[in-house]
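Novice: Take this structure, written in structure tokens, and hold onto it; I'll ask about it next.
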Amino acid sequence: MKILVLERCGLMYGSAFNMLQWARHFIDSDLASVDMVLAEPGDFAVQAEESGVSTQIWGLPNKLNSYGKQNLKWLSALITLPLLIWFNFKCIRNYAKQNEPYQLVVCNNYRSYIYFFGLLVYLRYYKKKRCILRLQVSHTPINLMAKLAPKLFSNIIIHGTPGYAKTHVNPSIALAQNSLCLPNPVDTNAYRPIPERRARLREQLEISANDYVFICVASIEPRKKVLELVQEFVRSAPSNALLVHVGGNDAHPKYQQQLELAVSSRVRLLGQRNDVVDLLQVADAFVLFSEYEGMPYAIVEAMACALPVLATNVGSNCEVLQGVGKVIEVNNQQQLAQGMIEFVSQPELHRDQGLQARNKVIQEYSCEEYLKRVEAIYCQGA
1 MKILVLERCG LMYGSAFNML QWARHFIDSD LASVDMVLAE PGDFAVQAEE
51 SGVSTQIWGL PNKLNSYGKQ NLKWLSALIT LPLLIWFNFK CIRNYAKQNE
101 PYQLVVCNNY RSYIYFFGLL VYLRYYKKKR CILRLQVSHT PINLMAKLAP
151 KLFSNIIIHG TPGYAKTHVN PSIALAQNSL CLPNPVDTNA YRPIPERRAR
201 LREQLEISAN DYVFICVASI EPRKKVLELV QEFVRSAPSN ALLVHVGGND
251 AHPKYQQQLE LAVSSRVRLL GQRNDVVDLL QVADAFVLFS EYEGMPYAIV
301 EAMACALPVL ATNVGSNCEV LQGVGKVIEV NNQQQLAQGM IEFVSQPELH
351 RDQGLQARNK VIQEYSCEEY LKRVEAIYCQ GA
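Numbering-wise, the sequence shown is residues 1 to 382 according to the UniProt record's numbering.
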């Protein structure tokens, strides 16, 4: 089987990471070859090629090439519509030149569906290809696109929990008969507690054995509220607590500067790292104060490492952390402070909670079960 993936964004984000998970599985298991069309260059293209995914870049016009800066609302849609039409004609022409016998087309997120809409219509109705839509958050002002999705796609996979789908995904998609929820998975063999590394890594980072360490893995941008987390930690956290932040983002330099000015000796900004599994071993708890999420990989990975989690009530967090973590209201710094104090003052209680969190991940969010379900969906009729 040959699979074609359509992706609008060149950044490595949740949906991109998820796509590489199933792509590696299909390639390594000889179930399918996977090709991908990207609308813009970026780290995603590099990592996709390293995973065995053949990647082409069919560039967007510069006017449209601004991921994360604006959504396609009605006014901007009227302005950019001619460019989108031109881009889709270009995509159709490029596809026709390839003459590849793809059995399946996977559209990798809702924004890609909007940008590649013309190509998808061509593939579905003229080329008779089976098309699948994968998405996370789908609050969109373009309700017509949501209504058309269940007709255009054979299956719609919502990456989140059922409760999340009801509250965060357009009802035309969430309630469609051909849509289903698949929570984001984690490799529990890679993400696991490794006690023997803890002391050595703490020594390398100059962290005392008596310090209670909170870790936050998140990009540095306003919606992640990293600055506000650091400010409240400096103001309210117990003296034996330390905050380690992992992540970076060059797109928000002013926010980054404000963050650097807010840190104290009890806060470590480690920047972008490739050794997140090791860094999670250093921590006693995971904290995320963001105001907007889907189903964060960072939380599920922390749970797999047996860390208790303190996070805001956004996206799937409430369902994922039910019984195994503490959920606080968005932007409520008082609850954040109380939560951190509670974690530090009751370490044994929250250590047990972390072990329960890992068991929940193994039972509900393991890669093995996820890949079985994806394989069954993708291989229908193959």
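The C-beta atom is built at its ideal place from N, Cα and C for all residues, glycine as well.
(1) Can you tell which of Lys147, Pro238, Arg130, His350 has the C-alpha that lies nearest to the C-alpha of Asn321?
(2) Where DSSP assigns a beta bridge to Ser54, which residues make up the other side?
(3) Shortest alpha-carbon distance to Ala149 belongs to which of Ile173, Val169, Thr161, Gly160?
(4) On the three-state DSSP scale, how would you describe Glu329?
(5) Does Tyr297 pass the burial test, meaning 16 or more other C-beta atoms within 10 Å, or should it be called exposed?
(6) For Gln155, which of helix, strand or coil comes out of DSSP?
(7) Would you mind stating whether Val324 and Lys372 have Cβ atoms separated by less than 8 Å?
(8) My output table needs one value for Phe289: the three-state DSSP class, helix, strand or coil.
(9) Counting along the chain, where does the beta strand (DSSP E) carrying Tyr212 start and finish?
(10) Kindly indicate which three-state DSSP category Val246 falls into: helix, strand or coil?
(11) In angstroms, rounded to a whole number, what distance separates the CA positions of Pro347 and Ala376?
(12) Can you say whether Lys69 is buried or exposed, counting buried as having 16 or more other CB atoms within 10 angstroms of its CB?
(13) With H, G and I counted as helix, E and B as strand and the rest as coil, what does DSSP make of Thr312?
(14) Identify, in the order they occur along the chain, each residue of the same chain with its Cβ nearer than 8 Å to the Cβ of Gln335, setting aside the five sequence neighbours on each side.
(15) What separation, rounded to the nearest whole angstrom, lies between the Cα atoms of Phe17 and Ala45?
(16) Start and end of the beta strand (DSSP E) containing Ser179?
(17) Give me the Cβ distance between Thr312 and Ser345, rounded to the nearest whole Å; I'm assuming they're in contact under 8 Å.
(18) Helix, strand or coil for Leu261 per DSSP?
(19) For Ala262, count neighbouring Cβ atoms within 10 angstroms of its own Cβ and tell me buried if that reaches 16, exposed if not.
(20) Using a threshold of 8 Å, state whether the C-beta atoms of Arg197 and Gln281 are closer than that.
(21) Expressed to the nearest angstrom, what Euclidean distance is found between the alpha-carbon atoms of Asp187 and Pro162?
(22) Is it buried or exposed for Tyr125, if we count other Cβ within 10 angstroms and need 16 for buried?
(23) Take Asn71 and list the residues in its own chain whose beta-carbon comes closer than 6 Å to its own, dropping the five residues that flank it on each side.
(24) Could you pull out every residue in the same chain whose Cβ sits closer than 8 Å to the Cβ of Ala285, ignoring the five residues on either side in sequence?
(25) Should Arg273 be labelled buried (16 or more other beta-carbon atoms within 10 Å of its own) or exposed?
(26) Pull up the distance between the alpha-carbon of Asn143 and that of Asn170, whole angstroms please.
(27) Do you know offhand how far Ser366's Cα is from Ala190's?
(28) Distance check for Asn317 and Thr80, CA to CA, integer angstroms please.
(29) For Arg192, which residues in the same chain have their Cβ closer than 7 Å to its Cβ, ignoring the five residues on either side in sequence?
(30) Could you work out which residue in Pro185, Gln56, Ile57, Leu175 is closest to Gln363 when comparing CA atoms only?
(31) The beta strand (DSSP E) with Leu279 in it runs from where to where?
(32) Run through the segment 86-166 for me and flag every whole alpha helix (DSSP H) of 4 or more residues, listed as ranges in chain order.
(33) For Tyr255, collect the residues of the same chain with a Cβ closer than 7 Å to its Cβ; drop the 5 residues on either side in sequence, then sort them by chain order.
(34) With a CB to CB cut of under 6 Å and the five nearest residues on each side skipped, what residues in its chain are close to Ala337?
(35) Between Gln21 and Gly339, what straight-line distance do the alpha-carbon atoms span, to the nearest angstrom?
Specialist: By the coordinates alone:
(1) Looking at the sequence provided, one finds Leu at residue 321 rather than Asn. Nearest of Lys147, Pro238, Arg130, His350 to Leu321, Cα basis: His350.
(2) Asp35
(3) Ile173
(4) coil
(5) buried
(6) In the sequence as presented, Gln is not what sits at residue 155; that position holds Asn. Asn155 falls in the strand class under three-state DSSP.
(7) no
(8) coil
(9) 212-217
(10) strand
(11) 42 Å
(12) Bear in mind that the predicted position of Lys69 carries a pLDDT of just 44, short of 50, making it unreliable; the figure below should be weighed with that in mind. The residue in question, Lys69, is exposed, as its Cβ has fewer than 16 Cβ neighbours within 10 Å.
(13) strand
(14) Ile328, Glu329
(15) 12 Å
(16) 179-181
(17) Contact doesn't hold; Cβ gap of about 21 Å is too wide.
(18) helix
(19) buried
(20) yes
(21) 22 Å
(22) exposed
(23) Reliability of the predicted coordinates at Asn71 is poor, the pLDDT of 48 falling under 50, and no value is obtained from them.
(24) Tyr212, Val213, Phe214, Ile215, Leu307, Pro308, Val309, Leu310, Phe343, His350, Gly354
(25) exposed
(26) 8 Å
(27) 11 Å
(28) 35 Å
(29) Ala304, Cys305
(30) Pro185
(31) Careful: Leu279 lies outside any beta strand (DSSP E), inside the alpha helix (DSSP H) at 276-282.
(32) 110-115, 117-121, 143-152
(33) Ile220, Glu221, Pro222, Leu227
(34) Glu232, Ser236
(35) 33 Å
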